[in-house]
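Participant: Starting off with a structure, shown below.
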Amino acid sequence: MNTPVERPLPLSTSCCIVGGGPAGLMLGYLLALKGVEVVVLEKHSDFLRDFRGDTIHPSTLEIIWQLGFLDEFLALPHQRAEKLYGEIAGREATLADFSRLPTRCKFIAFMPQWDFLNFISDKARQLPNFSLHQNVSVNDLLEQNGKVSGVRVSQNGIDRQITAQLVVGCDGRHSIVREKAGLEVMNFGAPRDVLWLKITKSADDPEWSTGHRGPKKGFIMIDRGDYWQCGYSITKGSLDELKLRGLAALIADVAEISPFDAARLQQDLTDWDKVKLLQIRIDRLKQWSKPELLCIGDAAHAMSPIGGVGVNLAIQDAVATANILAPALLKGNVTLRHLQKVQRRRTFPTWATQSLQVMISKASQKKRTKPPSGVELWVRQRAFIPFLFGRLIGIGFFKENFRK
Ligand SMILES: Cc1cc2nc3c(=O)[nH]c(=O)nc-3n(C[C@H](O)[C@H](O)[C@H](O)COP(=O)(O)OP(=O)(O)OC[C@H]3O[C@@H](n4cnc5c(N)ncnc54)[C@H](O)[C@@H]3O)c2cc1C
Numbered sequence: 001m002n003t004p005v006e007r008p009l010p011l012s013t014s015c016c017i018v019g020g021g022p023a024g025l026m027l028g029y030l031l032a033l034k035g036v037e038v039v040v041l042e043k044h045s046d047f048l049r050d051f052r053g054d055t056i057h058p059s060t061l062e063i064i065w066q067l068g069f070l071d072e073f074l075a076l077p078h079q080r081a082e083k084l085y086g087e088i089a090g091r092e093a094t095l096a097d098f099s100r101l102p103t104r105c106k107f108i109a110f111m112p113q114w115d116f117l118n119f120i121s122d123k124a125r126q127l128p129n130f131s132l133h134q135n136v137s138v139n140d141l142l143e144q145n146g147k148v149s150g151v152r153v154s155q156n157g158i159d160r161q162i163t164a165q166l167v168v169g170c171d172g173r174h175s176i177v178r179e180k181a182g183l184e185v186m187n188f189g190a191p192r193d194v195l196w197l198k199i200t201k202s203a204d205d206p207e208w209s210t211g212h213r214g215p216k217k218g219f220i221m222i223d224r225g226d227y228w229q230c231g232y233s234i235t236k237g238s239l240d241e242l243k244l245r246g247l248a249a250l251i252a253d254v255a256e257i258s259p260f261d262a263a264r265l266q267q268d269l270t271d272w273d274k275v276k277l278l279q280i281r282i283d284r285l286k287q288w289s290k291p292e293l294l295c296i297g298d299a300a301h302a303m304s305p306i307g308g309v310g311v312n313l314a315i316q317d318a319v320a321t322a323n324i325l326a327p328a329l330l331k332g333n334v335t336l337r338h339l340q341k342v343q344r345r346r347t348f349p350t351w352a353t354q355s356l357q358v359m360i361s362k363a364s365q366k367k368r369t370k371p372p373s374g375v376e377l378w379v380r381q382r383a384f385i386p387f388l389f390g391r392l393i394g395i396g397f398f399k400e401n402f403r404k
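Here our numbering is used: the first residue of the sequence shown is 1, the next is one more, and so on.
Shown next as structure tokens:
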């Protein structure tokens, strides 16, 4: 990794991207590759956050291949899952199989998100028209004659303004950009939250060594090399109640449905800091844009963790946005129609993925009191189902290609 040279904040730029997550950094890099002047503003000083979408799907690996860095990227430490396992109609089954995908990589790469973001930002920083400014928090939008003309930021307690031809909100599910722009959010609810737990691997774990296991009775296990990344599903908003019952009670609950006994769990779960809450949201903006402003990634549509597709969709949004907007940004004539074209292109895959997530989430809520239904048995017996899910999870409903 190169040591980044801190550049002073500019007063103006062509495209100002708020948020240096997967969507913001990938969009910044792709636009800069096409010659657009880009500034990415990130409120944190680094990318070091645990369990933040650590899945790099085949479609994202395909984009990295199109950019010419696949071998270099795959040299970074990661684990591969060629199949995902779970439960259909009460029996363990292969849920997704990536082996027949029409992509270079027929697996999901599990890699800490900070390694992915450092990789992309290192590549982007080599371009003279790209700059990333960390420790810069955007707190408002500048508006002129009904159009967004830039952002107000705070850096080390000092308030500044940056004007831009276009502002892109890539600031995640709690987006300040979408809030300040007054964009309406459609919320599809989510009855569950997830607690992420890190359980050190033991030499006695061979039967799970084939990669991703789960979800099984609300428990997910992802092989992360020297530890298991475990997801434990809880009723939405019940963490405070669980805390009142105490850590020992949580450990007992987890031990009941996981392959780990309480003694093993106690070694890793020594305090509540080791338990990370993912508040599940499924929402989508009605309009992703207004004059001179666009939102993409989680800022436009927060995804459920089902299928682990959040990063994937954010990257696909970034590719579509760069392909559609770069020519207009270079000519300096971005219109609302250009921005709406991005939404039109990305609405179907977002809507279809979210609808599937809502359906799966509702089905998994039903208490199993009766034997499996005919439909469940039919699904369990169909050999094509793992390949279909492999396609939907690995590539999605619609695949974007980067146009150089
Ligand atoms: C705990 C957790 C686990 C997850 N697990 C998975 C998974 O396994 N697989 C998967 O695909 N997805 C997962 N997701 C979702 C996934 O992380 C997101 O879908 C994906 O990161 C979206 O990318 P993004 O760039 O749109 O937004 P984000 O990754 O949220 O990035 C937004 C960026 O904007 C910055 N920002 C926010 N506000 C401001 C501001 N005012 N000024 C400047 N910067 C700002 C943030 O610091 C952040 O870096 C998980 C999410 C969470 C929270």
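Note that beta-carbon positions come from the ideal geometry of N, C-alpha and C, so glycine has one too.
(1) Taking only runs of the alpha helix (DSSP H) that begin and end inside the segment 113–157, which ones reach a length of at least 4 residues, in chain order?
(2) Assuming contact is defined by CB atoms lying nearer than 9 Å, are residue 43 and residue 168 in contact in what I supplied?
(3) With hydrogens ignored, establish whether the beta-carbon of residue 175 is closer than 8 Å to any heavy atom of ligand 1.
(4) Do three or more CB pairs link the segment 241–254 to the segment 264–274 at distances below 8 Å?
(5) Using CA atoms only, rank isn't needed, just tell me which of 166, 296, 308 and 264 is closest to residue 280.
(6) Would you report the Cα separation of residue 315 and residue 97, rounded to the nearest angstrom?
(7) From residue 266 to residue 239, what distance separates their C-alpha atoms?
(8) Excluding five sequence neighbours on each side, which residues of the same chain lie with their C-beta closer than 8 Å to the C-beta of residue 295?
(9) With the cut-off set at 9 Å, would you say residue 396 and residue 336 are in Cβ contact?
(10) Output the distance between the C-alpha atoms of residue 125 and residue 331, rounded to the nearest integer angstrom.
(11) Go through its chain and collect everything with a Cβ distance to residue 306's Cβ below 7 Å, but skip five positions before and after it.
(12) Measuring straight from C-alpha to C-alpha, what distance separates residue 400 and residue 317?
(13) Please report the Cβ distance between residue 173 and residue 234, rounded to the nearest whole angstrom; I am assuming they are in contact, meaning their Cβ atoms lie under 8 Å.
(14) In chain order, what residues of the same chain have a beta carbon less than 6 Å from the beta carbon of residue 121, not counting five sequence neighbours either side?
(15) The alpha helix (DSSP H) that contains residue 63, what's its start and end?
(16) With distances taken between CB atoms, is the gap from residue 298 to residue 185 smaller than 9 Å?
(17) Can you grab the Cα-Cα spacing for the pair residue 18 / residue 205, in whole Å?
(18) Quick one: does the C-beta of residue 43 sit closer than 8 Å to a heavy atom of ligand 1?
(19) Any heavy atom of ligand 1 inside 8 Å of the beta-carbon of residue 122?
(20) For residue 226 and residue 303, I'd like the C-alpha separation in whole angstroms.
(21) Does DSSP put residue 287 in a helix, a strand or coil?
(22) Can you tell me whether residue 185 sits near ligand 1, meaning its C-beta is under 8 Å from at least one heavy atom of the ligand?
(23) If we call anything under 9 Å between Cβ atoms a contact, is residue 72 one with residue 166?
(24) Just the C-alpha distance for residue 78 and residue 110, rounded to the nearest angstrom, thanks.
(25) Within the present structure, is the beta-carbon of residue 288 separated from the nearest heavy atom of ligand 1 by less than 8 Å?
(26) Ordered along the chain, which non-local residues of its own chain (more than five positions away) have a Cβ less than 8 Å from that of residue 153?
(27) Using 8 Å as the cut-off, classify the Cβ of residue 136 as near or not near the heavy atoms of ligand 1, replying yes or no.
(28) Give me the Cα-Cα distance between residue 264 and residue 251, rounded to the nearest whole angstrom.
(29) Anyone know if the C-beta pair for residue 311 and residue 53 falls short of 9 Å?
(30) If you measure from the CB of residue 274, is any heavy atom of ligand 1 nearer than 8 Å?
(31) Can you check the segment 192–251 for any alpha helix (DSSP H) of at least 4 residues that lies completely inside it and give the ranges in chain order?
(32) So within the segment 279–335, which uninterrupted beta strand (DSSP E) runs reach at least 3 residues, ignoring any that extend past its ends?
(33) Alpha carbon to alpha carbon, how far is residue 393 from residue 36?
(34) When the Cα of residue 201 is compared with those of 45, 268 and 249, which residue comes out closest?
(35) What do you reckon, is the C-beta of residue 47 under 8 Å from a heavy atom of ligand 1?
Facilitator: From the atom records:
(1) 113–125
(2) By 1-based counting over the sequence shown, the position of residue 43 is 43. By 1-based counting over the sequence shown, the position of residue 168 is 168. Not closer than 9 Å, so no.
(3) Here the question's residue 175 lines up with position 175 in the sequence shown. Flag set: Cβ of residue 175 near ligand 1.
(4) yes
(5) By one-based count along the sequence shown, residue 280 stands at place 280. Out of 166, 296, 308 and 264, 308 has the C-alpha closest to the C-alpha of residue 280.
(6) Numbered from 1 along the sequence shown, position 315 holds the residue referred to as residue 315. Numbered from 1 along the sequence shown, position 97 holds the residue referred to as residue 97. Approximately 22 Å between the Cα atoms of the pair.
(7) Stepping through the sequence shown from its first residue, residue 266 is reached at position 266. Stepping through the sequence shown from its first residue, residue 239 is reached at position 239. One C-alpha to the other measures close to 18 Å.
(8) On the sequence shown, residue 295 is found 295 positions in, with the first residue counted as 1. Result list for residue 295: 168, 169, 170, 175, 177, 178, 181, 183, 285, 288 and 289, in chain order.
(9) For this step, residue 396 is matched to residue 396 along the sequence shown. For this step, residue 336 is matched to residue 336 along the sequence shown. Taking 9 Å as the Cβ cut-off, residue 396 and residue 336 do not qualify as a contacting pair.
(10) Position 125 of the sequence shown, counting from 1, holds the residue named residue 125. Position 331 of the sequence shown, counting from 1, holds the residue named residue 331. Their Cα atoms are separated by approximately 23 Å.
(11) The count along the sequence shown starts at 1 and reaches residue 306 at position 306. Contacts found: 357, 360 and 361.
(12) Counting from one through the sequence shown, the residue named residue 400 turns up at place 400. Counting from one through the sequence shown, the residue named residue 317 turns up at place 317. In a straight line, the C-alpha of residue 400 is about 8 Å away from that of residue 317.
(13) As a working note, residue 173 is residue 173 in the sequence shown. As a working note, residue 234 is residue 234 in the sequence shown. Contact flag wrong, Cβ pair sits at about 18 Å.
(14) As a position in the sequence shown, residue 121 is number 121, starting the count at 1. Cβ within range, chain order: 25 and 132.
(15) Here residue 63 refers to the residue found at position 63 of the sequence shown. Counting along the chain, the alpha helix (DSSP H) containing residue 63 begins and ends at 58–66.
(16) In the sequence shown, counting from the first residue as 1, residue 298 sits at position 298. In the sequence shown, counting from the first residue as 1, residue 185 sits at position 185. No. Outside cutoff.
(17) To locate residue 18, count along the sequence shown from 1; it is residue 18. To locate residue 205, count along the sequence shown from 1; it is residue 205. Rounded to whole angstroms, residue 18 to residue 205 spans 43 Å at the Cα level.
(18) Within the sequence shown, the letter at position 43 stands for residue 43. Flag set: Cβ of residue 43 near ligand 1.
(19) Reading the sequence shown from its first residue, position 122 is the one you call residue 122. Not so, every heavy atom of ligand 1 lies at least 8 Å from the Cβ.
(20) For the purposes of this step, residue 226 is identified with residue 226 of the sequence shown, where counting begins at 1. For the purposes of this step, residue 303 is identified with residue 303 of the sequence shown, where counting begins at 1. About 28 Å.
(21) Here residue 287 refers to the residue found at position 287 when the sequence shown is read from its first residue. Reduced to three states, the DSSP call for residue 287 is coil.
(22) The count along the sequence shown starts at 1 and reaches residue 185 at position 185. Every heavy atom of ligand 1 is 8 Å or more from the Cβ of residue 185, so no.
(23) Within the sequence shown, numbered from 1, the residue matching residue 72 stands at position 72. Within the sequence shown, numbered from 1, the residue matching residue 166 stands at position 166. Not closer than 9 Å, so no.
(24) In the sequence shown, counting from the first residue as 1, residue 78 sits at position 78. In the sequence shown, counting from the first residue as 1, residue 110 sits at position 110. When rounded, the distance between both Cα atoms is 5 Å.
(25) As a first step, residue 288 is located in the sequence shown; it is residue number 288 there, counting from the start. No.
(26) Mapped onto the sequence shown, residue 153 falls at position 153. Cβ within range, chain order: 9, 41, 136, 137, 138, 139, 159, 160, 161 and 162.
(27) In the sequence shown, residue 136 corresponds to position 136, counting from 1. Yes, Cβ of residue 136 sits closer than 8 Å to a heavy atom of ligand 1.
(28) Reading the sequence shown from its first residue, position 264 is the one you call residue 264. Reading the sequence shown from its first residue, position 251 is the one you call residue 251. Straight-line Cα distance between these residues: approximately 10 Å.
(29) Sequence index remark: in the sequence shown, residue 311 carries index 311 (1-based). Sequence index remark: in the sequence shown, residue 53 carries index 53 (1-based). For residue 311 and residue 53, yes; Cβs fall inside 9 Å.
(30) Along the sequence shown, one-based indexing puts residue 274 at 274. Checking the Cβ of residue 274 against ligand 1 gives no.
(31) 239–245
(32) 283–285 and 293–295
(33) Here residue 393 refers to the residue found at position 393 of the sequence shown. Here residue 36 refers to the residue found at position 36 of the sequence shown. One C-alpha to the other measures close to 32 Å.
(34) Within the sequence shown, residue 201 is the residue found at index 201, counting from 1. Ranking 45, 268 and 249 by Cα distance to residue 201 puts 268 first.
(35) Taking the first residue of the sequence shown as position 1, residue 47 is located at position 47. Because some heavy atom of ligand 1 lies under 8 Å away, the Cβ of residue 47 counts as near it: yes.
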